[in-house]
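Trainee: Mind looking over this structure? Questions follow.
There are 2 protein chains.
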Amino acid sequence: MTATAALAFVRQARIGHLATVDDRGRPSVVPFCFALLGEDEPVVVSALDEKPKSVADAELARVRHIRSHPEVAVIVDRYDEDWSRLAWVQIKGHARIVAPGEDGHADAITALRAKYPQYRAMAIAQRPVILIERLRITSWAATGR
Amino acid sequence: MTATAALAFVRQARIGHLATVDDRGRPSVVPFCFALLGEDEPVVVSALDEKPKSVADAELARVRHIRSHPEVAVIVDRYDEDWSRLAWVQIKGHARIVAPGEDGHADAITALRAKYPQYRAMAIAQRPVILIERLRITSWAATGR
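Going down the list, the protein sequences come from chains A and B.
Its first residue numbered 4, the first sequence is counted upward by one per residue in the numbering used here.
Its first residue numbered 4, the second sequence is counted upward by one per residue in the numbering used here.
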């Protein structure tokens, strides 16, 4: 894929997967809703939404991992039983936790609510967001092998 | 989910995502086809299939990562625009590369070909497989929030 096509592929995806590294150097991976902002220096943003306790704990783990190991990886992909239609975009970048009121937080909330109507009724604006920047993007698409 | 339900959820999934850690301690994540074998001490197996060069390189990276950091994480999840239907199972485990002729290789190939007809015409039996064992499983399912 071209860089433009890869960004478009990421932008339209409803779900991605975020890999982080814990304080013992072991990987963790979770599905996550996200929005991609910007064109020239795109950033990925994701909310820490209200969830039942088991997920709240997993989110706390994610935040703790990012604080100790800011380098993260995101995958956005398309699965199809016709393997000539497989495609993925992998994004590596530097993540940080942005609190309400800090630069970038309001834009992230706006973008997430624009993309996901589900967020409009959820109190995500009062919670930090994850912001991933300095993106390095690689992609692959099968071509009818 | 109960442990049995979590294993059933993983078993029926057509695609998962595998997170590894590179030799600089940074995470990487890729979509992967897999099979789950066994009940009491289940293992996850995945093929290193024939792919175009760009993917072959990514697979070599995966193998290198596993050799230097055997601890991996796998996520299997269901996305739905109705967020009361979201669910995921995360598996952490110890991965190793198993060559043709070594214990577990033939069973892995058989299971992968049984699950994915696509593999039946591919020369995966001549290539190593990834075997993930000592699984630690956590799961979450939304319950109509």
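Glycine residues also receive a C-beta, built at the ideal position from the N, C-alpha and C atoms.
Kindly indicate if chain B contains any beta-carbon less than 8 Å away from that of A:R17.
Mentor: yes
Trainee: Look at the Cβ atom of A:V75, then the Cβ atom of B:W91, and state whether they are nearer than 8 Å.
Mentor: no
Trainee: Quick one: is A:V33 near chain B, going by C-beta distance under 8 Å?
Mentor: yes
Trainee: Along the region 59–84 of chain A, what residues have a CB closer than 8 Å to any CB found in chain B?
Mentor: A61, H72, E74, V75, A76, V77, I78, D80, Y82, E84
Trainee: Counting contacts by CB-CB distance shorter than 8 Å, is A:P30 in contact with chain B?
Mentor: yes
Trainee: Suppose only complete runs of 3+ residues qualify. What are the beta strand (DSSP E) ranges in the region 46–119 of chain B, listed by chain order?
Mentor: 46–50, 74–81, 90–101
Trainee: Could you spell out the range, first to last residue, of the alpha helix (DSSP H) harbouring B:A213?
Mentor: The structure shown has nothing for residue 213 of chain B, since chain B only spans 4 to 148.
Trainee: Hey, would you say A:I78 sits closer than 8 Å to A:V47, going by beta carbons?
Mentor: no
Trainee: Pull up the distance between the alpha-carbon of B:Y119 and that of A:V101, whole angstroms please.
Mentor: 42 Å
Trainee: Which same chain residues, not among the five before or five after B:I140, have their C-beta less than 6 Å away from its C-beta?
Mentor: A9, I94
Trainee: Taking just the CA atoms, how far does B:R81 sit from B:R123?
Mentor: 27 Å
Trainee: Just to confirm before moving on: does the CB-CB distance between A:Q121 and B:W143 stay below 8 Å?
Mentor: no
Trainee: Measuring only the C-alpha atoms, how far is A:H97 from A:R65?
Mentor: 14 Å
Trainee: Going by the CB atoms, is the gap between A:V132 and B:P30 shorter than 8 Å?
Mentor: no
Trainee: For B:H20, would you say it is in contact with chain A, using Cβ-to-Cβ distances shorter than 8 Å as the test?
Mentor: It does; some Cβ of chain A falls within 8 Å.
Trainee: Output the distance between the C-alpha atoms of B:S49 and B:L134, rounded to the nearest integer angstrom.
Mentor: 7 Å
Trainee: For chain A, is any of its Cβ atoms less than 8 Å away from the one on B:T5?
Mentor: no
Trainee: What would DSSP say about B:I127, mapped onto helix, strand or coil?
Mentor: helix
Trainee: Would A:V24 pass as an interface residue toward chain B - the criterion being a Cβ-Cβ separation below 8 Å?
Mentor: yes
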